[in-house]
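So for the sequence shown, numbering that gives the first Met the number 0 puts the first residue at 0; every next one is plus one. Here is the structure we will look at.
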Amino acid sequence: MDRDQHITQDAAEFYAVYLMAKTAEEMGVAILPHSKELWQEFVDYLAIAHRDWAISDFGSRYPAYKANADAQVPAFVQRLAVAFPGSKFAFEVDEARLRNLGKKADFILTIDEPSRTYAVSLKNYVGPGGVKRPQVSSGTFLSFAAGFVFERNGVGTYVDPRTPDTSFKGSNTKDRDAVLAFEGRADLAPLLMKLVDLQQHVRSRLLTLRYYDQAAVKGVVAEIVPQAQDTLLSVFDVLGHDVVRQKFLERANLDGGEDALYFDGLQFADSITNPRFRELYARINDPNTTFKVVKAGQSLRFSFEANGAVVVSADVPLTINTNGAWHRPKPPYQGKQLKVDKGVPVELEWGEIRPRKSKEIATSTNLYLDLAAAGVFGGS
Numbered sequence: 000m001d002r003d004q005h006i007t008q009d010a011a012e013f014y015a016v017y018l019m020a021k022t023a024e025e026m027g028v029a030i031l032p033h034s035k036e037l038w039q040e041f042v043d044y045l046a047i048a049h050r051d052w053a054i055s056d057f058g059s060r061y062p063a064y065k066a067n068a069d070a071q072v073p074a075f076v077q078r079l080a081v082a083f084p085g086s087k088f089a090f091e092v093d094e095a096r097l098r099n100l101g102k103k104a105d106f107i108l109t110i111d112e113p114s115r116t117y118a119v120s121l122k123n124y125v126g127p128g129g130v131k132r133p134q135v136s137s138g139t140f141l142s143f144a145a146g147f148v149f150e151r152n153g154v155g156t157y158v159d160p161r162t163p164d165t166s167f168k169g170s171n172t173k174d175r176d177a178v179l180a181f182e183g184r185a186d187l188a189p190l191l192m193k194l195v196d197l198q199q200h201v202r203s204r205l206l207t208l209r210y211y212d213q214a215a216v217k218g219v220v221a222e223i224v225p226q227a228q229d230t231l232l233s234v235f236d237v238l239g240h241d242v243v244r245q246k247f248l249e250r251a252n253l254d255g256g257e258d259a260l261y262f263d264g265l266q267f268a269d270s271i272t273n274p275r276f277r278e279l280y281a282r283i284n285d286p287n288t289t290f291k292v293v294k295a296g297q298s299l300r301f302s303f304e305a306n307g308a309v310v311v312s313a314d315v316p317l318t319i320n321t322n323g324a325w326h327r328p329k330p331p332y333q334g335k336q337l338k339v340d341k342g343v344p345v346e347l348e349w350g351e352i353r354p355r356k357s358k359e360i361a362t363s364t365n366l367y368l369d370l371a372a373a374g375v376f377g378g379s
């Protein structure tokens, strides 16, 4: 995903919440008029210094994000009105605060009668996969494992049990090992360190390449994936089945602690009004539903089964995120161009390594949830 798409994706969350409020006002089901304030938040997000976008940029660079919201968000508000007859609603973008608390939610939905508040994760999907297989979390090999080992309270940070009102960074080896020793879980330290070592291996092998080499990247992926799979499964063995199950439910936003609104250009599903979504929550949180984790190609596959059938499954591919380490805009160009590399101007050929940005190359995990096979969309 390039920078423009990332900005559009984030801005589309502000736009979607604005559209919720606007639709509620038009339907006469808004607690108070508040769409103008949300529109201004959207405009401000586009215009802050490091983006400096106009509204036309949002609608033109990756137009599918706006089109998806226009197609699905009003229908979501209409469904809320049907599910809560006589109620009124308010919507608030609260992503930054919620992320700092280690939450996945992007906006807050408030209902006046009965008085109720929902923290909701919003996912707007473009591309061939669409909403039927949403990506619900991402990170490095280490952060993926750390999310099972520690209590997350922010982006890359975890509760420090030595002084519970403070945090520590999962990437800090000294603090990480000290916390494990304090908890009597020092046996996990070398396993987590192995995941750090795999990231260092990626950097030592690839950052010597002046130009992007797809075969070389794939070769390093093939080297590290089996080791990462074995290490992660060993971490899970140490933690125990019940801990891994509960942590996975939290990571996949399937524990019922927060709600979800997922949509693409064709359809949407939400956990507030969709009975199939609520049924899925109930089934996978039933202690009689079995849970297992296995290797599946380049991935780890997490699955819940009941009565001999899969209730829902999720794949976590293990790979490398080049994070723009090599400059490869579309379309390719000849010769050199002056580009900005982490704030510093530099002349680069197409496919040439970016001296500063390349330091962000990292191992990568993405959790894809198979909602289509789980039956969430049929008759929702």
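A virtual CB, placed ideally from N, CA and C, is assigned to each residue, including glycine. None of the values given here were measured: they were computed from a predicted structure.
- Between the alpha carbons of G350 and S363 lies a gap of roughly 21 Å.
- By the neighbour-count criterion, in which 16 or more other beta carbons inside 10 Å mark a residue as buried, N306 falls on the exposed side.
- L347 carries a strand assignment under DSSP once its states are collapsed to helix, strand and coil.
- Here DSSP, grouped into helix, strand and coil, assigns V293 to strand.
- Across the structure, L191 and Q228 are spaced so that their CA atoms are roughly 12 Å apart.
- Between G138 and Y157 a beta carbon distance of about 13 Å is seen, past the 8 Å cut, so the two are scored as non-contacting.
- Per DSSP, reduced to three states, the secondary structure at Y211 is coil, with no helix or strand assignment.
- For V216, the secondary structure class from DSSP, reduced to helix, strand or coil, is helix.
- Between V42 and I54 a beta carbon distance of about 7 Å is seen, short of the 8 Å cut, so the two are scored as contacting.
- In the structure shown, F167 adopts extended strand secondary structure according to DSSP, grouped into three states.
- Residue A82 holds the alpha-carbon nearest to the alpha-carbon of P113 among K122, V310, A82.
- Here R244 is buried: its Cβ has 16 or more other Cβ atoms, across all protein chains shown, within 10 Å.
- Secondary structure of F147 (DSSP, three-state): helix.
- Ranked by Cα distance from V224, the options D212, N152, D241, Q198 are led by Q198.
- With contacts defined as CB atoms closer than 8 Å, R282 and G323 fail to qualify as a contacting pair.
- Per DSSP, reduced to three states, the secondary structure at I107 is strand.
- Short of 8 Å from the beta carbon of A371, and not among the five residues preceding or following it, lie these beta carbons of its own chain, in chain order: K131, R132.
- Cβ atoms of L238 and F147 come within 8 Å of each other, at about 6 Å.
- Relative to H200, the option among E222, R209, D186, P163 whose CA is nearest is E222.
- Counting every other CB atom within 10 Å of its CB across the protein chains shown gives D159 a total of 16 or more, marking it as buried.
- Taking E346 as the centre and dropping the five residues before and after it, the same chain places the C-beta of K335, L337 closer than 6 Å to its C-beta, in chain order.
- Annotation: the continuous alpha helix (DSSP H) that includes Q77 extends over 62–82.
- Its Cα nearest to that of S357, the residue N320 stands out among P344, N320, P330.
- Collapsing the DSSP output to three states places E257 in coil.
- For T172, the uninterrupted alpha helix (DSSP H) segment begins and ends at 172–181.
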